[in-house]
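Asker:
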Amino acid sequence: MSAHFTDRVPDLAMLNGLLARRQEESTPLVVVSGPAGIGKTSLVTRWLRNTAEEFPDGQLYADLRGHSFDGPASPSDILGQFLRALGTGPIPASLAEQTALWRSVTAGLRISVMLDNAFSAAQVRPLLPGGHSGLIVATSRHRLTGLRADGALYHQLGLLDADAAEEVLSRGVGAERVRSEARETRELIDLCGGLPLALCLASARLASRPRQPMRSLVEALTQGQGRLAALTIEGESSVNHALDESYAVLADDAARLYRRLALLPARSMESRVAAVACVIPLAEAERLLDVLVEANLVEDIGPDSYRFHDLVRLHAQGRGQDEERPEVRAEVLRRVCDWYLATATQAQQCLSPIQLTLRRNYEFRPELPGPFTEASGALAWLETRRLDLLAAVRAAYDEGWDDLSWQLVDALWPLFHRLRYHDLWLEAHEIGLRAARRSGDRAAERQMLNSGAIGFGVAGRADDAITWFSWSLDAAREAGDARDEGQALHGLGSAHRQAGRLRVAGDFLHRAIDTWEKAGYVRGAALSRIVLGEMALESEGERWDDRRAAEFFERARSTLLDVGDPYDAARALAFHGRARVLEGAYEAGTRELREALVVFEDAGATPWQARVWEMLGRSAVEHAEVPVARDCLVRAQELYARQSPADAARMEVLLVGLPAKPAEPRDGGAAE
Numbered sequence: 001m002s003a004h005f006t007d008r009v010p011d012l013a014m015l016n017g018l019l020a021r022r023q024e025e026s027t028p029l030v031v032v033s034g035p036a037g038i039g040k041t042s043l044v045t046r047w048l049r050n051t052a053e054e055f056p057d058g059q060l061y062a063d064l065r066g067h068s069f070d071g072p073a074s075p076s077d078i079l080g081q082f083l084r085a086l087g088t089g090p091i092p093a094s095l096a097e098q099t100a101l102w103r104s105v106t107a108g109l110r111i112s113v114m115l116d117n118a119f120s121a122a123q124v125r126p127l128l129p130g131g132h133s134g135l136i137v138a139t140s141r142h143r144l145t146g147l148r149a150d151g152a153l154y155h156q157l158g159l160l161d162a163d164a165a166e167e168v169l170s171r172g173v174g175a176e177r178v179r180s181e182a183r184e185t186r187e188l189i190d191l192c193g194g195l196p197l198a199l200c201l202a203s204a205r206l207a208s209r210p211r212q213p214m215r216s217l218v219e220a221l222t223q224g225q226g227r228l229a230a231l232t233i234e235g236e237s238s239v240n241h242a243l244d245e246s247y248a249v250l251a252d253d254a255a256r257l258y259r260r261l262a263l264l265p266a267r268s269m270e271s272r273v274a275a276v277a278c279v280i281p282l283a284e285a286e287r288l289l290d291v292l293v294e295a296n297l298v299e300d301i302g303p304d305s306y307r308f309h310d311l312v313r314l315h316a317q318g319r320g321q322d323e324e325r326p327e328v329r330a331e332v333l334r335r336v337c338d339w340y341l342a343t344a345t346q347a348q349q350c351l352s353p354i355q356l357t358l359r360r361n362y363e364f365r366p367e368l369p370g371p372f373t374e375a376s377g378a379l380a381w382l383e384t385r386r387l388d389l390l391a392a393v394r395a396a397y398d399e400g401w402d403d404l405s406w407q408l409v410d411a412l413w414p415l416f417h418r419l420r421y422h423d424l425w426l427e428a429h430e431i432g433l434r435a436a437r438r439s440g441d442r443a444a445e446r447q448m449l450n451s452g453a454i455g456f457g458v459a460g461r462a463d464d465a466i467t468w469f470s471w472s473l474d475a476a477r478e479a480g481d482a483r484d485e486g487q488a489l490h491g492l493g494s495a496h497r498q499a500g501r502l503r504v505a506g507d508f509l510h511r512a513i514d515t516w517e518k519a520g521y522v523r524g525a526a527l528s529r530i531v532l533g534e535m536a537l538e539s540e541g542e543r544w545d546d547r548r549a550a551e552f553f554e555r556a557r558s559t560l561l562d563v564g565d566p567y568d569a570a571r572a573l574a575f576h577g578r579a580r581v582l583e584g585a586y587e588a589g590t591r592e593l594r595e596a597l598v599v600f601e602d603a604g605a606t607p608w609q610a611r612v613w614e615m616l617g618r619s620a621v622e623h624a625e626v627p628v629a630r631d632c633l634v635r636a637q638e639l640y641a642r643q644s645p646a647d648a649a650r651m652e653v654l655l656v657g658l659p660a661k662p663a664e665p666r667d668g669g670a671a672e
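Following full-length UniProt numbering, the numbering of the sequence shown begins with 1 at its first residue and continues without gaps.
This is how it looks when you write it as structure tokens:
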């Protein structure tokens, strides 16, 4: 099967740029690297054909067999082949003499040499020609960074984009078939992950079955390990075969890490996860990850962040299933999930030290701490790893580790509360609630209900929030837990307020305050007073309501500072500042809003930063400071756009509605 070649115009342009640099810097060596099946050989062959006129003394090619099962070709054999091709003889016996002769013969020649499938820098180095008038191009699944000392220039070949992938399929099966089965084409491209070898194999299979609908192949490729089997043509190379070759040359410790990382549910990995999976020191894990990156089996996608290509992951999973015993596979997963729990709990303690948490159980208590020591680093880690953490919640539940599943959800509260990824918040709590109920832990069930219900409220699903809080209230009363009862009453008040039932909301909130104060939980009572203050701000903008709101916020802030909760105290301060503005104290109110903003910026709390900028913008509009209002509302819109498109759209409406000329300042006026 001859591989289809898509023009890869940007890559050819990059190589032409390297050719120009080679001439300027007198560097004869270019390395083109990338994973198995990426199309390195096809690209370089086309490029050298296009540039043949620049090398009139000839072109040489050698397959260095870097990943063949019979081992890499020896430099001595290749040098003998090249010297004979140039009509040189006799060939010396030793490698050193062959290298010297090769460099002498090629010193003045304008030739191009392609070294395909190179294994290492040590294999390539003896093959470098003499002088600087020639060009040598090495392709490799490894990055061959050791050749930097020899002046190598590098190009890393990437995956095909959707348009180029569609071109490959069109050339293989015909443009009409691709157009007529457009949906299936898009799915097939996604399943092949932009890997040229996979696309070529898929198009060859389709071409050999012209009457079979493309849907049949798409369905075959969605069967997990069956995807690799489907990407095989009899008598030809396959994705699985190419990856087997790359895997076979890994050292045992690197092969073990390759297998074990693929057993994990996360889509990305960090070095600490690698260390935990293999029970090795962090420095050793970092070294082995470098080995896998160098071999193009794992992608380095950012600071301490790695991932598999989907097809490579399937291959590694297959190796793990075949070579790791079931009890070892289970232990690897449990160790990593335990580490996620410990590290999320560490983050929780940095971000919410006064929050009461559920118990923690570890089958393998981690010794390796998380990659942060302060609150900003903790929140950044939670945000970066949020999908990996959700995957761990799912995996723990699927394995029947119910305590671990709901404990992970409990530990992720700062992520939910401060960054408000709604879908993640709700899915995690739905899983956590099922786990708590399956394990029979009533305290965990109440916690999942309460924190999950808050998520429904934040997502704008007030009726679902009321349902969950009602379940929580019944469970709290059954258990005789006054603190949880107060939480449920507070939540019901907030949810009814969101639904517009203000009288009902106020009743629940006052009952929550009474319940919490009797239980000695003054922080909870302060949080309910913040909501009552918000309701007062929203009640038609009458001055007595603004003053009443300010009283609620003052009392709440004082209590929250006393109990060591500066974050929620800043929420009270922000609302108090807005109330002061509505009372007519514009400068004093905006000072308080900006003071609260600093707290939210230090905490990395994007939703609250956006909300305060909105309050500042509205306040500026009401006091005829149009340029200030525009700046504040633009900032709010930019922050809302990260997580709440609906709120960003609200800001756009406000911005469009700003007067061209300053209006007369308002005298108090409507609350937000």
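All C-beta atoms in this analysis are idealised placements derived from N, C-alpha and C, irrespective of residue type, glycine included.
Let's test the definition: count the other Cβ atoms within 10 Å of the Cβ of I38 and tell me whether it reaches 16, buried, or not, exposed.
Answerer: On the sequence shown, position 38 is the one that residue 38 refers to. Counting the other Cβ atoms within 10 Å of the Cβ of I38 gives 16 or more, which makes it buried.
Asker: Is there a Cβ from chain C that is less than 8 Å from the Cβ of E184?
Answerer: No chain C appears in this structure, which consists of one protein chain only.
Asker: Would DSSP call residue 673 helix, strand or coil?
Answerer: This structure gives no information on residue 673, because the portion of the chain shown stretches from 1 to 672.
Asker: Check each candidate in T559, G130, A295 and V124 and name the one with the smallest Cα separation from A100.
Answerer: Within the sequence shown, the letter at position 100 stands for residue 100. Nearest of T559, G130, A295 and V124 to A100, Cα basis: G130.
Asker: Tell me which residues share the same chain as V124 and place their Cβ nearer than 7 Å to its Cβ, disregarding the 5 neighbours each side in the sequence.
Answerer: Sequence index remark: in the sequence shown, residue 124 carries index 124 (1-based). Within the same chain, V124 has close Cβ partners L115, A118, A138, L144 and L147.
Asker: What does DSSP give as the partner residue(s) for S33 in the beta ladder?
Answerer: Counting from one through the sequence shown, the residue named residue 33 turns up at place 33. BP columns for S33 point to S140 and Q156.
Asker: Keeping to the same chain, check which residues put their C-beta closer than 7 Å to that of S376; ignore five residues upstream and five downstream.
Answerer: Start at 1 with the first residue of the sequence shown, and residue 376 comes out as number 376. If we look at S376 and ignore the five residues flanking it on each side, its Cβ neighbours are G604.
Asker: Name the two residues that bound the continuous alpha helix (DSSP H) containing M214.
Answerer: Against the sequence shown, residue 214 aligns to sequence position 214. M214 -> alpha helix (DSSP H) spans M214 to L221.
Asker: Looking only at C-alpha atoms, which of R267, I513, T467 and A462 sits nearest to R446?
Answerer: Translated into the one-based positions of the sequence shown, residue 446 becomes position 446. Of the candidates R267, I513, T467 and A462, the one whose C-alpha sits nearest the C-alpha of R446 is T467.
Asker: Thinking C-alpha only, which one of L597, E622 and A660 is nearest R635?
Answerer: On the sequence shown, residue 635 is found 635 positions in, with the first residue counted as 1. Considering only alpha carbons, the answer is L597.
Asker: Excluding five sequence neighbours on each side, which residues of the same chain lie with their C-beta closer than 6 Å to the C-beta of S203?
Answerer: For this step, residue 203 is matched to residue 203 along the sequence shown. Cβ neighbours of S203 beyond the five flanking positions: L169, G172 and V173.
Asker: If you count every other CB in all the chains shown that lies within 10 Å of the CB of T345, and 16 or more means buried, which is it?
Answerer: If you number the sequence shown from 1, residue 345 lands on position 345. The residue is buried, with at least 16 neighbouring Cβ atoms inside 10 Å.
Asker: Quick one: is K518 buried, meaning 16 or more other Cβ sit within 10 Å of its Cβ, or exposed?
Answerer: Locating residue 518 in the sequence shown gives position 518, counting from the first residue. Exposed, because fewer than 16 other Cβ atoms sit within 10 Å of the Cβ of K518.
Asker: Quick one: what does DSSP say L115 is sitting in, helix, strand or coil?
Answerer: On the sequence shown, residue 115 is found 115 positions in, with the first residue counted as 1. Correct three-state label for L115: strand.
Asker: Would you identify the three-state DSSP class for L15, choosing helix, strand or coil?
Answerer: On the sequence shown, position 15 is the one that residue 15 refers to. L15: helix per DSSP, three-state reduction.
Asker: Let me know the secondary structure DSSP gives R307 once reduced to three states.
Answerer: The sequence position of residue 307 within the sequence shown is 307, counting from 1. R307: strand per DSSP, three-state reduction.
Asker: Could you give the C-beta distance for V113 and G134, rounded to a whole number, given that I count them as a contact under 8 Å?
Answerer: As a first step, residue 113 is located in the sequence shown; it is residue number 113 there, counting from the start. As a first step, residue 134 is located in the sequence shown; it is residue number 134 there, counting from the start. With a Cβ gap of about 7 Å, V113 and G134 count as contacting.
Asker: State buried or exposed for E301, treating a residue as buried only when at least 16 other CB atoms are found within 10 Å of its CB.
Answerer: Within the sequence shown, residue 301 is the residue found at index 301, counting from 1. The residue asked about is misnamed: residue 301 is Ile in this sequence, not Glu. The C-beta of I301 has fewer than 16 other C-beta atoms within 10 Å across all chains shown, which makes the residue exposed.
Asker: Using a Cβ-Cβ cut-off of 6 Å (strictly less than) and excluding sequence neighbours within five positions of H142, which residues of its own chain qualify?
Answerer: Looking up residue 142 in the sequence shown gives position 142. Within the same chain, H142 has close Cβ partners E294 and A295.
Asker: Please state the DSSP three-state secondary structure of G302.
Answerer: As a first step, residue 302 is located in the sequence shown; it is residue number 302 there, counting from the start. Strand at G302.
Asker: In angstroms with no decimal places, state the Cα-to-Cα distance between G235 and T106.
Answerer: Position 235 of the sequence shown, counting from 1, holds the residue named residue 235. Position 106 of the sequence shown, counting from 1, holds the residue named residue 106. At G235 the pLDDT is 47, less than 50, meaning the model places this residue with poor confidence and gives no usable figure here.
Asker: Along the beta strand (DSSP E) that carries D63, what are the first and last residues, could you check?
Answerer: Counting from 1 along the sequence shown, the entry for residue 63 is found at position 63. Its beta strand (DSSP E) spans residues Q59 to D63.
Asker: Run through the DSSP bridge pairs and tell me what M269 is partnered with.
Answerer: The residue given as residue 269 occupies position 269 in the sequence shown. Y306, per the DSSP bridge assignment.
Asker: Provide the residue(s) that pair with L135 in DSSP beta bridges, ordered along the chain.
Answerer: Position 135 of the sequence shown, counted from the first residue, corresponds to residue 135. Paired residues: S112.
Asker: Please classify A52 as buried or exposed, where buried requires at least 16 other C-beta atoms within 10 Å of its C-beta.
Answerer: Locating residue 52 in the sequence shown gives position 52, counting from the first residue. It counts as exposed.
Asker: In whole angstroms, give me the CA-to-CA distance for I513 and M269.
Answerer: Looking up residue 513 in the sequence shown gives position 513. Looking up residue 269 in the sequence shown gives position 269. So the alpha carbons of these two residues sit roughly 45 Å apart.
Asker: Runs of 4 residues minimum, wholly inside the segment 369-428: which ones carry the alpha helix (DSSP H) assignment?
Answerer: 375-384, 386-398, 402-411 and 413-419
Asker: Would you mind sorting D322 into buried or exposed? The rule is 16 or more other CB atoms within 10 Å of its CB.
Answerer: Locating residue 322 in the sequence shown gives position 322, counting from the first residue. So D322 counts as exposed.
Asker: Can you tell me whether DSSP reads T145 as helix, strand or coil?
Answerer: Counting from 1 along the sequence shown, the entry for residue 145 is found at position 145. Secondary structure at T145: helix, using DSSP grouped into helix, strand and coil.
Asker: Please report how far the alpha carbon of L379 lies from the alpha carbon of A641, in whole angstroms.
Answerer: What you label residue 379 is simply residue 379 of the sequence shown in a count that begins at 1. What you label residue 641 is simply residue 641 of the sequence shown in a count that begins at 1. Rounded to whole angstroms, L379 to A641 spans 19 Å at the Cα level.
Asker: Which residues in the same chain have their Cβ closer than 8 Å to the Cβ of E430, if we skip the five residues on either side of it in sequence?
Answerer: The residue labelled residue 430 in the question sits at position 430 within the sequence shown. Excluding residues within five positions, the ones whose Cβ falls inside 8 Å are G452.
Asker: Just confirm the distance between the C-beta atoms of D150 and L109, as a whole number of angstroms; I'd bet it's less than 8 Å.
Answerer: The count along the sequence shown starts at 1 and reaches residue 150 at position 150. The count along the sequence shown starts at 1 and reaches residue 109 at position 109. 18 Å between Cβ atoms; not a contact.
Asker: With a cut-off of 8 Å on the beta carbons, I'd call V563 and V628 a contact; round off their distance for me.
Answerer: Counted from its first residue, the sequence shown places residue 563 at position 563. Counted from its first residue, the sequence shown places residue 628 at position 628. Beta-carbon to beta-carbon, V563 and V628 are separated by about 35 Å, too far to satisfy the 8 Å threshold.
Asker: Going by the CB atoms, is the gap between L382 and L424 shorter than 8 Å?
Answerer: For the purposes of this step, residue 424 is taken as residue 424 along the sequence shown, with counting starting at 1. For the purposes of this step, residue 382 is taken as residue 382 along the sequence shown, with counting starting at 1. Cβ distance not < 8 Å, so L424 and L382 don't count as in contact.
Asker: How long is the line joining the alpha carbons of V393 and E331, rounded to whole angstroms?
Answerer: Within the sequence shown, residue 393 is the residue found at index 393, counting from 1. Within the sequence shown, residue 331 is the residue found at index 331, counting from 1. Looking at the backbone, the Cα of V393 and that of E331 are separated by about 16 Å.
Asker: Can you tell me the Cβ-Cβ gap for A316 and R259, rounded? I've got them flagged as a contact below 8 Å.
Answerer: The residue you call residue 316 lines up with position 316 of the sequence shown. The residue you call residue 259 lines up with position 259 of the sequence shown. Rounded, the Cβ-Cβ distance is 6 Å, consistent with contact.
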